[in-house]
Amino acid sequence: MGHDSQKLAIFKGLLKFKSNEQKIWGVLIFLSIVTIIEVALGITKPQILMIPFLKMKLLNWIFIFLTIVKAYYIAWDFMHVRDENDGLKNSIILPLIILIPYLVFILLIEGDYIYDIMERGFVSWNF
Amino acid sequence: MEVIASKNDNNDELLWGGAKKPLKASYGKLMMWFFIVSDALTFSGFLVSYAFSRFKNINSWPIADEVFTHFPFLHGVDAPMYYVALMTFILIFSSVTMVLAVDAGHNMNKSKVAFYMLLTIIGGAIFVGSQAWEWKNFIKGEYGALETRGGQILQFVNTDLKRVSIDDFAIEIPTQRTTHTKSSGIWFTSESSISEISLSEVKSGFIKNADLLIRTELINSEGKKTILNREDSLNKIQDAEIIVRGANLIRNEYGNRLFANFFFFITGFHGFHVFSGVIINIIIFFNVLLGTYERRGHYEMIEKVGLYWHFVDLVWVFVFTFFYLV
Numbered sequence: 017m018g019h020d021s022q023k024l025a026i027f028k029g030l031l032k033f034k035s036n037e038q039k040i041w042g043v044l045i046f047l048s049i050v051t052i053i054e055v056a057l058g059i060t061k062p063q064i065l066m067i068p069f070l071k072m073k074l075l076n077w078i079f080i081f082l083t084i085v086k087a088y089y090i091a092w093d094f095m096h097v098r099d100e101n102d103g104l105k106n107s108i109i110l111p112l113i114i115l116i117p118y119l120v121f122i123l124l125i126e127g128d129y130i131y132d133i134m135e136r137g138f139v140s141w142n143f
Numbered sequence: 003m004e005v006i007a008s009k010n011d012n013n014d015e016l017l018w019g020g021a022k023k024p025l026k027a028s029y030g031k032l033m034m035w036f037f038i039v040s041d042a043l044t045f046s047g048f049l050v051s052y053a054f055s056r057f058k059n060i061n062s063w064p065i066a067d068e069v070f071t072h073f074p075f076l077h078g079v080d081a082p083m084y085y086v087a088l089m090t091f092i093l094i095f096s097s098v099t100m101v102l103a104v105d106a107g108h109n110m111n112k113s114k115v116a117f118y119m120l121l122t123i124i125g126g127a128i129f130v131g132s133q134a135w136e137w138k139n140f141i142k143g144e145y146g147a148l149e150t151r152g153g154q155i156l157q158f159v160n161t162d163l164k165r166v167s168i169d170d171f172a173i174e175i176p177t178q179r180t181t182h183t184k185s186s187g188i189w190f191t192s193e194s195s196i197s198e199i200s201l202s203e204v205k206s207g208f209i210k211n212a213d214l215l216i217r218t219e220l221i222n223s224e225g226k227k228t229i230l231n232r233e234d235s236l237n238k239i240q241d242a243e244i245i246v247r248g249a250n251l252i253r254n255e256y257g258n259r260l261f262a263n264f265f266f267f268i269t270g271f272h273g274f275h276v277f278s279g280v281i282i283n284i285i286i287f288f289n290v291l292l293g294t295y296e297r298r299g300h301y302e303m304i305e306k307v308g309l310y311w312h313f314v315d316l317v318w319v320f321v322f323t324f325f326y327l328v
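Just so you know, the sequences run in chain order A and B. Take the first sequence: its letters are residues 17 to 143, numbered as in the numbering used here. Take the second sequence: its letters are residues 3 to 328, numbered as in the numbering used here.
Written out as structure tokens, the structure is:
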């Protein structure tokens, strides 16, 4: 990967940087803001976000969304996936975004099912 | 395509010898990516099994904010999350210095590469040290708890619903019991050292002190741990069988046993990655100083260790979310 092949814009071209070094600092600021939002939400735990949504609290969904946003920018800008060609990009990303959600899906369904069994079964777990 | 094989040319070297790069990345970088993808799947296996156990015990899982409340030099101050947030910033920052080192490498700027590598190493070392401190607090525990025969943890609160340490209310009962050693028995067994206070001391202290209530593992509809009334507490304390202090791989004072196991395993595995990353970075740092990459003509090695280092940061982002936030 040559030095001049780096793409210097983030947010779909909304934010353009003059040099690679500037882009790095820009991404750092963005990641820090996201982390600060996460920590602030984690400490204050606003009541309005504690409503259940798809089997979890809305706040937890927000945390997971922000985590994936952070992961995207770390991979794309720090690990330079943005500058790789499509073949390499896909062979890294596709296995992960297919296998991990699948694993999450089957194991969480199973965990929820076991929870139900332990709750409704005739065996006492608290003795 | 720049290279087209024809039967006249002897293009074996070009086609199969590694000269052709369909992904426009060198062999070493591709292998690093292979490793990262497989390691990412390993970590997701761990994190998903953590999620599985948590969903299985969704109504009794420990609340992270109540477990990780320490901050250096602030004794007795309830500071949930601040410390891990700090650790997160340290790791993100060391990721930035790493990527700056990669950038300096592209410009063949040896002294800048060395400087940023050094900063990265320092950041990584601080992170590993912070994690060790976190473990220390986790293992030591703060309040202590009792465990019932069914493996449930009973914690203690006063009427203001503030946690109370078992040391504070246990009353001393004079006893002759000493630690059993191999040399004093009729059979060659020994036991781990007896805790300063015994179960019966905690129990009778609890019964004497009318202000104390038991806090169970169960999470109520408001997302808080259920606190029994005095009468139920007095019944419940009779079920207690063992004193639990801090955490080990068998039981912990925070709640479900799996919680501590997953904490040790996942943060330990991640910490090991950071540690090995620091070692690799140190090796590369000295190679930079010796001018190895200057002579080689490119600083691609910095890029490769950079990939590994960012991956470790990436994993921490997920560990942070699923252990401390969610």
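Quick reminder that beta carbons are idealized off the backbone N, C-alpha and C, glycines included.
| Asked | Found |
| --- | --- |
| Test: His312 (chain B) CB closer than 8 Å to a CB of chain C | Among the chains of the structure shown, chain C does not appear; the protein chains present are A and B. |
| Cutoff 8 Å: Met303 (chain B) Cβ touching any chain A Cβ | no |
| Ala147 (chain B): contacting residues in chain A (beta-carbon distance under 7 Å) | Correct list: empty, because the minimum Cβ distance to chain A is about 15 Å. |
| Pick from B:Asn250, B:Ile175, B:Gln157 and B:Asp170 that is closest to Glu219 (chain B), judged by C-alpha positions | B:Gln157 |
| Stretch pair the region 125-132 of chain B + the region 96-108 of chain B: three plus CB contacts closer than 8 Å | yes |
| Boundaries (first-last residue) of the beta strand (DSSP E) holding Ala147 (chain B) | Ala147 to Thr150 |
| Member of B:His272, B:Arg298 and B:Ala242 whose CA lies at the smallest distance from the CA of Val321 (chain B) | B:His272 |
| Tyr89 (chain A) versus Val307 (chain B): straight-line alpha-carbon distance, rounded | 18 Å |
| Option nearest Phe171 (chain B) by Cα separation, candidates B:Val159, B:Thr181 and B:Thr180 | B:Val159 |
| Chain A contact for Asp344 (chain B) (CB, 8 Å cutoff) | A query on residue 344 (chain B) cannot be resolved here, the shown segment of chain B reaching from 3 to 328 and no further. |
| Beta-carbon spacing of Leu112 (chain A), Val39 (chain B) below 8 Å | yes |
| Alpha helix (DSSP H) segment containing Gln240 (chain B), residue limits | Neither: Gln240 (chain B) is in no alpha helix (DSSP H) and is coded neither H nor E. |
| Span of the beta strand (DSSP E), counted from its first residue to its last, around Leu220 (chain B) | Leu215 to Ile221 |
| Cβ pair Lys86 (chain A), Val319 (chain B) closer than 8 Å | yes |
| At least three beta-carbon pairs within less than 8 Å, the region 241-253 of chain B to the region 148-157 of chain B | yes |
| Cβ neighbour criterion (16 or more within 10 Å) applied to Gly279 (chain B) | buried |
| Spatial distance of Asn258 (chain B) from Ile49 (chain A) (CA atoms) | 34 Å |
| Inter-residue spacing [alpha-carbon to alpha-carbon] between Met100 (chain B) and Asn106 (chain A) | 25 Å |
| Simplified DSSP assignment, three categories, for Thr60 (chain A) | helix |
| Close-in-space but distant-in-sequence residues of the same chain around Ala249 (chain B) (CB under 6 Å, 5 per side omitted) | Phe140, Ile141 and Ala262 |
| Where the alpha helix (DSSP H) through Gln157 (chain B) begins and ends | Counting along the chain, Gln157 (chain B) falls outside any alpha helix (DSSP H), though it belongs to the beta strand (DSSP E) covering Ile155 to Val159. |
| Bridge partners - Ala127 (chain B), DSSP secondary structure assignment | Paired residue(s): none; Ala127 (chain B) is not in a bridge. |
| Any C-beta of chain B under 8 Å from that of Lys86 (chain A) | yes |
| Residue of A:Met95, A:Pro117 and A:Tyr131 minimising C-alpha distance to Asp315 (chain B) | A:Met95 |
| C-beta contact flag for Glu305 (chain B) and Lys138 (chain B) at 8 Å | no |
| C-beta neighbour in chain B for Arg136 (chain A), strict 8 Å | no |
| Cross-strand partners of Asn254 (chain B) (DSSP beta bridge) | B:Ala249 |
| Length of the line joining the Cα atoms of Ala103 (chain B) and Ile216 (chain B) | 54 Å |
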